[in-house]
Amino acid sequence: YISLLGTPPARKSGDPQVVRGRQLFAQLSCNSCHTPQMTTGTNHPVAALRLQNFRPYSDMLLHDMGPGLADNMDGEVATAAEWLTSPLVGIGLVSDAAGQESYLHDGRATSIAEAILWHAGEAEESKEAIRQLPQSAREDLVAFIRSL
561 YISLLGTPPA RKSGDPQVVR GRQLFAQLSC NSCHTPQMTT GTNHPVAALR LQNFRPYSDM
621 LLHDMGPGLA DNMDGEVATA AEWLTSPLVG IGLVSDAAGQ ESYLHDGRAT SIAEAILWHA
681 GEAEESKEAI RQLPQSARED LVAFIRSL
């Protein structure tokens, strides 16, 4: 049952603020890790799930997120600072579903903007570019992310 559930659709995709935010998301290279679209493979046991386009906004890969997000659990596959790219699909529904905003692997960020500012390591350059944006542009970016 769960494997056949679809992802929630994007909301407000035609809203001018969301459109501007989508453009910033690409310009700032957020999409290099939070990949907008992927296609499933040909080997899934359920034929209906083969070769399907979906929008996870994740590359499903490990990335160094810097010492600020590191834990003390180096593993065989990932270092303490490496994390799988969280899919952003459905992120705009977190507050409604949980009754509060809580982001990142441990819930330390209480807003999308704060979660962005915790990015470091491989995402340092993009984060710093976002910090330099005017407030209205940062709001556009967050509006886009909330629309996912």
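Counting from 561, one number per residue, gives the positions in the sequence shown under our numbering. By construction, the Cβ of each residue, glycine as well, lies at the ideal position given by its N, Cα and C atoms. Since the structure is predicted, the reported quantities are computational estimates derived from the model, not experimental observations.
Report task. Have a look at E682 and D624 and give me their C-alpha separation to the nearest angstrom. Result -> Looking up residue 682 in the sequence shown gives position 122. Looking up residue 624 in the sequence shown gives position 64. For E682 and D624, the distance between alpha carbons rounds to 6 Å.
Query - CB-CB length for T639 against H594, believed under 8 Å - result: Counting from one through the sequence shown, the residue named residue 639 turns up at place 79. Counting from one through the sequence shown, the residue named residue 594 turns up at place 34. Actually they do not touch by this definition, with Cβ atoms about 21 Å apart.
Query raised in the report: Would you call the CB atoms of V578 and A703 closer than 8 Å?
Result: Within the sequence shown, numbered from 1, the residue matching residue 578 stands at position 18. Within the sequence shown, numbered from 1, the residue matching residue 703 stands at position 143. Yes, the pair counts as a contact, with Cβ atoms nearer than the cut-off.
Query raised in the report: Using the C-alpha atoms, what's the distance from E674 back to L693?
Result: What you label residue 693 is simply residue 133 of the sequence shown in a count that begins at 1. What you label residue 674 is simply residue 114 of the sequence shown in a count that begins at 1. In a straight line, the C-alpha of L693 is about 15 Å away from that of E674.
Query raised in the report: With burial defined as no fewer than 16 other Cβ atoms inside 10 Å of the residue's Cβ, what is the status of D666: buried or exposed?
Result: As a working mapping, residue 666 is identified with position 106 in the sequence shown. Classification of D666: exposed, given that the 10 Å Cβ count is below 16.
Report task. Could you tell me the boundaries of the alpha helix (DSSP H) in which D700 lies? Result -> On the sequence shown, position 140 is the one that residue 700 refers to. First-last of the alpha helix (DSSP H) with D700: Q695 to S707.
Query raised in the report: How many whole angstroms separate the CB atoms of I651 and L708, which I take to be in contact at a CB cut-off of 8 Å?
Result: Looking up residue 651 in the sequence shown gives position 91. Looking up residue 708 in the sequence shown gives position 148. Going by Cβ atoms, the distance from I651 to L708 rounds to 6 Å, so yes, they are a contact pair.
Requested in this report: Pull up the distance between the alpha-carbon of R571 and that of L653, whole angstroms please.
Outcome: For this step, residue 571 is matched to residue 11 along the sequence shown. For this step, residue 653 is matched to residue 93 along the sequence shown. If I take the Cα positions, the gap works out to 10 Å.
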